[in-house]
Structures are given as C-alpha cells and as structure tokens.
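Each residue of the first sequence is one higher than the one before, counting from 1 in UniProt numbering.
Some notes on the structure that comes next.
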Amino acid sequence: MREQALQLLQWYDRHARAMPWRVPPEDRKNGVMPDPYGVWLSEVMLQQTTVAAVRDYWRKFTDIWPTVADLAAAEDAEVMAAWAGLGYYARARNLLKCARVVVTDHGGQFPRDHATLLTLPGVGPYTAAAVAAIAFDQPETVLDGNVERVMSRIHDVHTPLPAAKPELMALAQALTPVERPGDYAQAVMDLGATICTPKSPACGICPWRDPCRARMAGTASELPKKTPKKKVPTRRGIAYVTRRADGAWLLETRPEKGLLGGMLGWPGSDWGDAPVADPPLDADWYRLDATARHTFTHFHLDLTIMTARVPADAVADRGDFIPHGTFRPAALPTVMRKVYDLASGQLIID
DNA sequence: CAATCGTGGCA
DNA sequence: TTGCCAAGATT
Numbered sequence: 001m002r003e004q005a006l007q008l009l010q011w012y013d014r015h016a017r018a019m020p021w022r023v024p025p026e027d028r029k030n031g032v033m034p035d036p037y038g039v040w041l042s043e044v045m046l047q048q049t050t051v052a053a054v055r056d057y058w059r060k061f062t063d064i065w066p067t068v069a070d071l072a073a074a075e076d077a078e079v080m081a082a083w084a085g086l087g088y089y090a091r092a093r094n095l096l097k098c099a100r101v102v103v104t105d106h107g108g109q110f111p112r113d114h115a116t117l118l119t120l121p122g123v124g125p126y127t128a129a130a131v132a133a134i135a136f137d138q139p140e141t142v143l144d145g146n147v148e149r150v151m152s153r154i155h156d157v158h159t160p161l162p163a164a165k166p167e168l169m170a171l172a173q174a175l176t177p178v179e180r181p182g183d184y185a186q187a188v189m190d191l192g193a194t195i196c197t198p199k200s201p202a203c204g205i206c207p208w209r210d211p212c213r214a215r216m217a218g219t220a221s222e223l224p225k226k227t228p229k230k231k232v233p234t235r236r237g238i239a240y241v242t243r244r245a246d247g248a249w250l251l252e253t254r255p256e257k258g259l260l261g262g263m264l265g266w267p268g269s270d271w272g273d274a275p276v277a278d279p280p281l282d283a284d285w286y287r288l289d290a291t292a293r294h295t296f297t298h299f300h301l302d303l304t305i306m307t308a309r310v311p312a313d314a315v316a317d318r319g320d321f322i323p324h325g326t327f328r329p330a331a332l333p334t335v336m337r338k339v340y341d342l343a344s345g346q347l348i349i350d
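Here it is in structure tokens:
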C-alpha cells in the first residue's frame, strides 16, 4: 500500500471519531460492516450539515424507521415532519423517493457500485462514492469539503474553488488505497474535520505533516482559495397565524418545489421587496409589533406577523385547520417555528 | 457554470 | 452584527 495512505490509516486507527452510524476501525478489521441503509442515511443528512446537528436526527430516523423498507412505507408528511429543523428539505423529499426506488427497483438492497448509486434520487458524486466506500469497501474516492481542503493543502493548490474540483479529485484519487478504502475515506474526512481545519490547522500533529506542500510554503491557512461570494439581500413578507375557537391552527403544506418545499407553514405573502397578500380568511387581524427574522442561504427574511382568532365554524380560503392535539411546532421548519413562538402568546385559548 | 436550497455555531 | 463555515445535489 502507498506509504502516505498507510500513515493516515494508522492515525485513523488511533483517532477515529465515534459516531452512531460508524463502525470503528478495530471492528471493521474483524469483518464487521455497517448497515448500508444507515450509511446512506447519515451521508444524506451530513450534506452541508455538521455532525453535531445530524446525530439526534439520525437516531430518530433509525429508531422510527429501522430499515429502508420501513422508510419507504412511511407517509410523506411524517418524514417531512421528522426532518423539520435540519434544513435543505429537498434532501428529505429525495430521501423518501430514494428509499422507494431501492425497495421497488433494487429488491430492498442498496446498489454496491458507484454508477448505480448515482442513479438514485438525492445521491450525487460524493454520496455515491461515500456509500460505495464506507458501506461496501469499494475503492471509490470521496471529494467533499474536507477532502478539497486537505488536497489543496497537501499539494499547495491555489486554483480557487469550485474551478479546482477536477484537479483536486485527480489528486485525491491518486492517493486512494485499494486496501481499507472505507476507513480511508472516513480518515481523510476526519483529518479535515479535526486537524486540517479551515482556520488554524494543527499542522504540528498532522499525520501528513511531512509531505504537505502548503505547510512547507506557509500557505496552509489560506487554502483552499474560493471565488468570493456576494452578500445576501433582505426580503420581507407577511405570515398569517390563525387560531380557531376550538384551538385548531391554520396551516398549509408548501408546494413541492422551491424554498421549504413540502414543508408545513403559515399562509402568507410572497417574500420580496414590497409583499402584498390577501389574508387566508376574513377576520379581525392584529399585527404583532415583533417581526420574525431569519437568514436563509441567499437572503435575509423579515416577516411581519398577523394574528386572528376565528369562530369554530370559520372557513378558510387557503390552508387547513390542524387540531390543537395534532399540531406539533417541531414539525415546522425553523422560520415558521419562529413565527409560532412569537404569535402563540397572543392566541391562547382558555 | 451559477444559482438555489437551511440551519446553528463560532470568531 | 456580520461573515464564514459544515460529509452537496439539482437545475
């Protein structure tokens, strides 16, 4: 095996991070392999998301749906509700699609090869490689943010991302060993997460200290270069929070496509410069002084909150009344939960 | 290729 | 407060 990969694997044997979905290196050496379903689930959840944020969600999902068949049989709304708060909700929609494809088209078994994995909804180049390597020990190369950073430093690559990706992928592939590819994939990512960090990397204790070109050049902390991103605009909107006399709340399921697609939310306006919207029903509307502020990936949102109490026989033009006993604020995406937190005090039913 | 798509933690 | 960042995929 290549010396450099071996050094990283030896470091991983001593410093592998413990995670609920991970089989530690000492067990993998004894032939223990992780459940592909759990690996796939973790990889989808970890897309652009921290390990700390994923842990409890992964446990919740595997507790409620222990197998891919269980997940495939789940109600859409239940899965979206369970995902609420984790963000990037297209992942949850594709997660369910993928589970159903695995059951109907692949006999309930995850494909083992990269090409077939790539055909699954929500599975791109990174996730396909991660599942193939970690769950099936195939010599695939994972290229995530960690690996991009590690490779750009080891080889002192100054080409800015994302243009540098093909180059970094080639470098990463050249290092990928044929032995223990699953542990190796996890090892590079652990290295990036704990040693070769974005700011102040711990080069002094790095297993790849000697071959690292950026450390030699003193450029490690400024790599990888990235194309500058523009700052985000502020948009405004209106949210209508309606409570019926029997305690029910007026909510609507958002369209499948677009922001917060498929998630539960308060009826409201579009979000833009000067939002206008008709209330979801005729009522005596009260405007809260406080607004709900939230930052998405590409814009800030400032939501004006309107509240109203309506009779038990009220009929809405938009949305559906959800009974008080059924409604769970935790099933809302964060921005909608912020609105609830601000509005609920005004809508207490005796 | 560039834009879209969440959230929470941290300097 | 602001900006950056985290195991990307899709269009």
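For every residue, glycine included, the Cβ atom is placed at its ideal position computed from N, Cα and C.
Problem set entry | Close-in-space but distant-in-sequence residues of the same chain around R112 (CB under 6 Å, 5 per side omitted) | F136
For this session: Can you tell me which of P311, E252 and D282 puts its alpha carbon nearest to the alpha carbon of A331?
Result: E252
For this session: Using a threshold of 8 Å, state whether the C-beta atoms of G268 and R28 are closer than that.
Result: no
For this session: Would you identify the three-state DSSP class for V310, choosing helix, strand or coil?
Result: strand
Exercise. Quick one, which of R2, L9 and E3 has its alpha-carbon nearest M189's?
Worked result: L9
For this session: Along the alpha helix (DSSP H) that carries G319, what are the first and last residues, could you check?
Result: No alpha helix (DSSP H) contains G319, which DSSP labels as neither H nor E.
Problem set entry | For H15, the three-state DSSP class (helix, strand or coil) | helix
Problem set entry | Candidates P198, P162 and V142, of which the one nearest A172 by Cα | V142
Exercise. Per DSSP, what kind of secondary structure is E3 in: helix, strand or coil?
Worked result: helix
For this session: Return the residue from the list G261, R235, W11 and D144 that minimises the CA-CA distance to E43.
Result: D144
Exercise. What does V241 pair with, by DSSP beta-bridge criteria?
Worked result: T307
Exercise. Could you give the C-beta distance for G293 and W271, rounded to a whole number, given that I count them as a contact under 8 Å?
Worked result: In the sequence as presented, Gly is not what sits at residue 293; that position holds Arg. No, R293 and W271 are not in contact; Cβ-Cβ is about 13 Å, not under 8 Å.
For this session: Determine which residues share a DSSP beta bridge with residue 381 and list them.
Result: Since the displayed the chain opens at 1 and closes at 350, residue 381 lies outside it and no answer follows.
Problem set entry | 7 Å CB neighbourhood of R318 in its chain, flanking five on each side removed | E252, P267 and P280
Problem set entry | Stretch-stretch touch, CB-based, cutoff 8 Å, three pairs: the region 153 to 160 with the region 213 to 220 | yes
Problem set entry | Helix, strand or coil at E83 [DSSP, three-state] | Residue identity check: residue 83 is Trp in the sequence provided, not Glu. Note: W83 maps to helix in three-state DSSP.
Exercise. Is V276 closer than 8 Å to residue 351 when the C-beta atoms are compared?
Worked result: Coverage of the chain is limited to positions 1 through 350, which leaves residue 351 absent and any answer about it impossible.
For this session: Just mark Q109 as buried or exposed, buried being the case when its beta carbon has 16 or more other beta carbons within 10 Å.
Result: exposed
For this session: Starting from the C-beta of C196, find all residues in its chain whose C-beta is less than 7 Å away, skip the five residues before and the five after it, and write them out in chain order.
Result: R149, V150, R153 and C206
For this session: Please classify T253: does DSSP put it in a helix, a strand, or coil?
Result: strand
Exercise. To the nearest angstrom, how far is it from the Cα of K60 to the Cα of D210?
Worked result: 42 Å
Exercise. When burial is assigned at 16 or more other CB atoms within 10 Å of the CB, is I64 buried or exposed?
Worked result: exposed
Problem set entry | Cα-Cα separation, residue 386 to H324 | Nothing about residue 386 can be reported from this structure: the residues present for the chain run from 1 to 350 only.
Problem set entry | According to DSSP, residues forming a beta bridge with T234 | H300
For this session: Can you grab the Cα-Cα spacing for the pair H114 / K165, in whole Å?
Result: 19 Å
For this session: Can you grab the Cα-Cα spacing for the pair A133 / A185, in whole Å?
Result: 7 Å
For this session: Run the CB neighbour count on E75, radius 10 Å, all protein chains shown included, and call it buried at 16 or more, exposed below.
Result: exposed
For this session: With distances taken Cα to Cα, identify the nearest neighbour of E78 among T334, T326 and V335.
Result: T326
For this session: Please confirm whether L264 and A316 have their CB atoms less than 8 Å apart.
Result: no
For this session: Tell me whether S71 sits in a helix, a strand or coil according to DSSP, three-state version.
Result: Reading off the sequence shown, one finds Leu at residue 71, where the question assumed Ser. It is helical.
Exercise. Which of the three DSSP states, helix, strand or coil, is assigned to G182?
Worked result: helix
Problem set entry | Pair within 8 Å by beta-carbon distance, Q4 and L175 | yes
Problem set entry | Backbone secondary structure at R287 - three-state DSSP | strand
Exercise. For K229, which of helix, strand or coil comes out of DSSP?
Worked result: coil
Exercise. Roughly how many whole angstroms lie between the Cα atoms of T291 and M336?
Worked result: 12 Å
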